[in-house]
Structure formats: C-alpha cells, structure tokens
Amino acid sequence: MDRPSPHYLWRSRWAFVLAATGSAVGLGNIWKFPYITGEYGGGAFVLLYLLCIFLIGIPLLVAEVAIGRRGRGNPMDALAHVAREGGASRHWGLLGAMAMLCGFLILCFYVVVAGWAFAYTLKMAGGSLAGSDVAAMQAIFADHNADPLQLGGWSLLVALLTLWIVGRGLQQGIERAVRWLMPGLVLLLLVLVGYAATTDGFAEGVTFLFRFDASRLNGEAFLAALGHAFFTLSLASGAIMAYGAYLPEQQSVVRTSLIVALADTAVALLAGLAIFPVIFANDMSPAAGPGLLFMSLPLAFQQMPWGQLFGALFFAMVSIAALTSAISILEGSVAWLNEQHGISRRRAAWLLGGVLVLISQLTMLSFNQGAHWTLAGMTLFDGLDYLTSRWMMPLGGILLALLVGYRLRLDLLRDELHLPRALYALWLILLRYVSPLLILLVFLHALGWLGFDPLQRWYWVAGACMALALLGECLTPGVRSLYRPAPR
348 MDRPSPHYLW
358 RSRWAFVLAA
368 TGSAVGLGNI
378 WKFPYITGEY
388 GGGAFVLLYL
398 LCIFLIGIPL
408 LVAEVAIGRR
418 GRGNPMDALA
428 HVAREGGASR
438 HWGLLGAMAM
448 LCGFLILCFY
458 VVVAGWAFAY
468 TLKMAGGSLA
478 GSDVAAMQAI
488 FADHNADPLQ
498 LGGWSLLVAL
508 LTLWIVGRGL
518 QQGIERAVRW
528 LMPGLVLLLL
538 VLVGYAATTD
548 GFAEGVTFLF
558 RFDASRLNGE
568 AFLAALGHAF
578 FTLSLASGAI
588 MAYGAYLPEQ
598 QSVVRTSLIV
608 ALADTAVALL
618 AGLAIFPVIF
628 ANDMSPAAGP
638 GLLFMSLPLA
648 FQQMPWGQLF
658 GALFFAMVSI
668 AALTSAISIL
678 EGSVAWLNEQ
688 HGISRRRAAW
698 LLGGVLVLIS
708 QLTMLSFNQG
718 AHWTLAGMTL
728 FDGLDYLTSR
738 WMMPLGGILL
748 ALLVGYRLRL
758 DLLRDELHLP
768 RALYALWLIL
778 LRYVSPLLIL
788 LVFLHALGWL
798 GFDPLQRWYW
808 VAGACMALAL
818 LGECLTPGVR
828 SLYRPAPR
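Shown next as structure tokens:
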C-alpha cells in the first residue's frame, strides 16, 4: 500500500524535537517531577523513573511517531491507514479519534491552569503578589479564582494565543513559535538555576533532589515513576502522533524520540534546581503540591533580593511551558478538520476555538459561580481531569500497544525505525508485554483499585505473566525470525 503524501514537513529534526519537547514539558515537569524525585529517594528515583521511561515512555513514543510518519495524517487517518496496511481493521482509526477527543478535553481545562501562570506573571511583575505568609498567598489565589471575569479573561487569552499559533500552520505558526518559545524557556530556566545557586538553600536543594536514597524506593515510588513516565510525554493524546506525521523521511524516529525523552527529563530536573533552593532558603516545605507554584513560591520570591524580577521570569517560563503543551494538543484536531473535511487550517482552528472557549469558560466557573454544578461529587473541571487522565489516556496507551504488538504485521514499522533486528524485536516485546502490564498497574492505581504497596500480590502476578509471556515469545517463529540476519 502506498504511503500517503505529506502536506507539510518540519524543516529539520530539531524543529520536531523542539515541538515534541514543548508538548511534553508542562506544569507536571515544573512542580510534580522535582517534588516526587526528592520525596522518593532523589537520584535513586531518577534511575527508577528512567527505567520506566525506557519500559513505557520510549516504546510508546516511538510507536506514535512511527505511526504518524507512516500514515502521514492526523491521528485518526494515520492509524486507519497503518492498520489497513498492517492487516488490521481500519476501525482502529477510532483509537486516533479517541486520542484527539482526549487531547481536546484536556485542553478545555488546561487553558484555565495555564491562565493562572499568565496571570501570575503579570501579578509578580507588578508587585501585586504581596503576602506576609502562605495563608495570605492562599487568599490571593482564592480571590483570583473567585472572580469569573479575571479567571475567564486569562483562560480566554491562552485559548486565543493557542488558536492563533495553530491556525497559522505548521511552519509559519507552530514551528516558528517553538523555535522562539523553547529556547526561551530553557534560557529562563538556566537563568533561574543561576539565581538559585546564589541562595543559601542551593546546597540543600541539590541534596533534596539528587541524594541517592534507595531505602525510599517502595511500591508507592514505583507507581509514581510509572505514572509520571506515561503522562509526561503527552502519550495517547494525539499530540505526538500528529507531530510525527510531519517528520522528514531521512530523520531517525528512534534517535529523535530518545532526544525528546531525555530533554523532557532534563528540563524537569533543572526545574527542581530552580525551585527547591528558593523554597529551602526561606525555610518552606516543598510538600505543597500545586500550591508550591501559586502560593509558596510567590511568597519566597518576594522575600529575596531581586525576587520580583526573577519571580516574574519564573512564571513567564511556566506560561511558555503551558502554551507549548496547549499548541500540541490542539494540532491533531485541526489537522483532522483540514485533511478530512477540506477546511482551511485557520478556519478549522477558529471553529474548534468556539467549542474550546465555550467549554473552557464553563470549566472556569467550577472555581466560582458554578462550583455547585457537580456530578458524582465532581465539578466540570475535576470531571474532565478524571475522565482524561484516569480513563482515556491509559486506555489509549494500552490499546495502542496491543495494536502494534499483536494486530499489525511484525515487520510493518521496521522500515520506519531502521533498527537492527534484535533491537526491533526488543521494542516489539516491550510493546506486547511489558508496557501494557505496567500501564495496567497505573490504570488500576489511578482508579483506586490498586493500593500503594502491591508488592505482595500484583507485582508477583505481573512478573510471572511477563516471564511466561517472554518465554512464549522466544518460542514464537514469527518473532524468532526477527533475530535472524536478512537473507543475502
């Protein structure tokens, strides 16, 4: 079957790397990863996290990029094309539709969170984040959310910026934006790390983040590493597959995916080096969750020399991270309208924008006028978060792994990956057995069906299943043939 012709291409591998890294780098990298790293053993947790990236993140990331480039279309069309070519039903394209829907629903509440970062950039620069303690900062944050005009205005601004950039197209919009935004994010991050190095808490921050304490590794730490490894790379949301469709033929899918995964981790660690010295220099606790960004850190910055300036730079960096993620999430849906229905990119972006603005504004009301609009005890904001992060993304990841591992011809994507036979077989084995089982553990834990310390039961069961599966894999003629040298 002939490969579809690409409508657009990234100008270079680095354009894709910047865009995909921008998609992966978000608010989770800025506060969650540094915090859980320090909480679960520092350097020991980083090694565990990198292992999980290798077992879940990179195999699925490679699969999404390869399918996107092989199918040369939006996630729905790319999956349908690759499925037909690989001998599976074209209805697997519905998995791409679910990924795009998942991404769009995420965007509907993500623009509200991103609006917080944009608002705090201006508040910090203008000196209006003045509070004597964390309780006072909590009151400022609550007042901001209680005002629907203010909260809705900032959410609308983020939505409009996202729509404007995506509507301008791949090269003139997304690529041009990430070429400025991502280097700007890294530069701001390095400046903040340099600033943090001048504080009294730098040594304590480095120790908190990188101490190698294997005694802190337990079932809870493993599940935290698994969950973050899966979610941090924007998997199963349509973003990476949409970006992969524009990757030039001569660029290595595997090498590029490895660079994206490592860059994402490096940004997260640098964020920890920027945040925790400031927190420790002011004798604050790092165990503040999202409040670390919008309550503890503003208070810490205003108590330090040049804190107002560097605080504004910090929230500008967070705003960039949020915007690059929002851009990638919207791209798949815009590409679908453009390719499937012949609607221009600009018009497609603004058509989707009308729906995005409507739902995001309703989501914004979850913090004020619509706080009493609940279903099953959840506001619209909480419900969208629950549906996407706990159901749609894990299910999408498992189904993608099963499609590539079981339904497609074993050698279909070999031309895309250009891997030696043994490494290609290893990638398939990870997608067939290791990744689905580990994602299932994340899925069950996210739903509350699996406790934090499952080592006595679930891990033994999962380990036994993996051992039996790998034994069966070694006995499978189709997979054994992947190890043999190609005939001369």
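Here the sequence shown stands for residues 348 to 835, where the numbers follow the working numbering.
No residue lacks a Cβ here, since even glycine has one placed at the ideal position from N, Cα and C.
| query | result |
| --- | --- |
| Please tell me whether Glu763 and Val600 are closer than 7 Å, where the distance is taken between their beta carbons. | yes |
| By the three-class DSSP mapping on this structure, what secondary structure does Leu478 have? | Here residue 478 is Gly; the residue named in the question, Leu, does not match the sequence. Gly478: coil per DSSP, three-state reduction. |
| Which class does Met631 belong to by DSSP, given the choice of helix, strand or coil? | coil |
| Going by C-alpha distance, which of Leu517, Leu535, Leu510, Ile383 is nearest Ile667? | Leu535 |
| Between the segment 564-579 and the segment 650-663, do at least 3 Cβ pairs fall closer than 8 Å? | no |
| Three or more C-beta pairs closer than 8 Å, one from the segment 499-517 and one from the segment 619-636: is that the case here? | no |
| Are any of the Cβ atoms in chain C nearer than 7 Å to that of Arg523? | Chain labels in this structure do not include chain C; a single protein chain is all it has. |
| Return yes when the Cβ of Ile383 is within less than 7 Å of the Cβ of Ala608, no when it is not. | no |
| Report, in whole angstroms, the separation of the C-beta atoms of Phe648 and Met471, which I expect to be a contact under 8 Å. | 7 Å |
| Using DSSP with H/G/I as helix, E/B as strand and the rest coil, what is Gly375? | helix |
| Have a look at Thr710, Ala576, Gly433 and flag the residue whose alpha-carbon is nearest the alpha-carbon of Gly462. | Thr710 |
| Considering only the alpha carbon of each residue, which of Trp653, Leu734, Leu454, Asp480 lies closest to Ala723? | Leu734 |
| Might you give, ordered along the chain, the residues of its own chain that have their beta carbon closer than 8 Å to the beta carbon of Arg715, omitting 5 neighbours on each side? | Looking at the sequence itself, residue 715 is Asn, so the reference to Arg does not match. The residues are Asn492, Ala493, Asp494, Pro495, Leu498. |
| Does the separation of the CB atoms of Val372 and Asp758 fall below 7 Å? | no |
| On a Cα-Cα basis, can you pick out the residue from Ala669, Leu777, Gly552, Leu773 that is closest to Glu386? | Gly552 |
| Does the separation of the CB atoms of Ala615 and Phe465 fall below 7 Å? | no |
| Using CA atoms only, rank isn't needed, just tell me which of Ala613, Gly717, Asp424 is closest to Glu686. | Asp424 |
| Under 7 Å Cβ to Cβ from Phe569, same chain only, skipping five residues before and after it: list those, please. | Leu395 |
| DSSP three-state label for Met725, please. | strand |
| Where does Gly434 sit, in a helix, a strand or coil, going by DSSP? | coil |
| Considering only the beta carbon of each residue, do Leu365 and Met529 sit closer than 7 Å? | yes |
| Who are the Cβ neighbours of Leu452 in its own chain at under 6 Å, not counting the five residues just before and after it? | Leu731, Thr735 |
| Between the Cα of Gly500 and those of Val458, Ile487, Gln519, His792, spot the shortest distance and give me the residue it belongs to. | Val458 |
| Can you grab the Cα-Cα spacing for the pair Ala427 / Thr546, in whole Å? | 54 Å |
| How about Leu556 and Gly619: do their beta carbons lie closer than 7 Å? | yes |
| What does the alpha-carbon distance come out to for the pair Leu742 and Pro645? | 37 Å |
| Is the beta carbon of Ile676 less than 7 Å from the beta carbon of Leu454? | yes |
| Give the DSSP-derived three-state secondary structure of Leu365 in the structure shown. | helix |
| Determine, using beta-carbon pairs with one atom in the segment 413-422 and one in the segment 574-589, whether at least three such pairs fall under 8 Å. | yes |
| Taking only three categories from DSSP, how would you classify Gly389? | strand |
| Short of 7 Å in beta carbon distance, which residues of its chain neighbour Gly520, apart from the five on each side in sequence? Order them along the chain. | Ile512, Val513, Gly514 |
| To which residues of the same chain is Leu802 closer than 7 Å at the C-beta, ignoring the five residues directly before and after it? | Reliability fails at Leu802, whose pLDDT of 47 lies under 50, so the model's placement of it is uncertain and the value that follows must be treated cautiously. Excluding positions up to five away in sequence, the list reads Gly566. |
| For Leu739 and Phe549, I'd like the C-alpha separation in whole angstroms. | The sequence given here has Met at residue 739, not Leu. Their backbone Cα atoms lie some 40 Å apart in a straight line. |
| Taking only the alpha-carbon atoms, compute the straight-line gap between Val460 and Ala769 and give it to the nearest angstrom. | 44 Å |
| Roughly how many angstroms lie between the CA atoms of Leu787 and Arg779, to the nearest whole one? | 13 Å |
| Ala592 and Gly420 - do their beta-carbons sit closer together than 7 Å? | yes |
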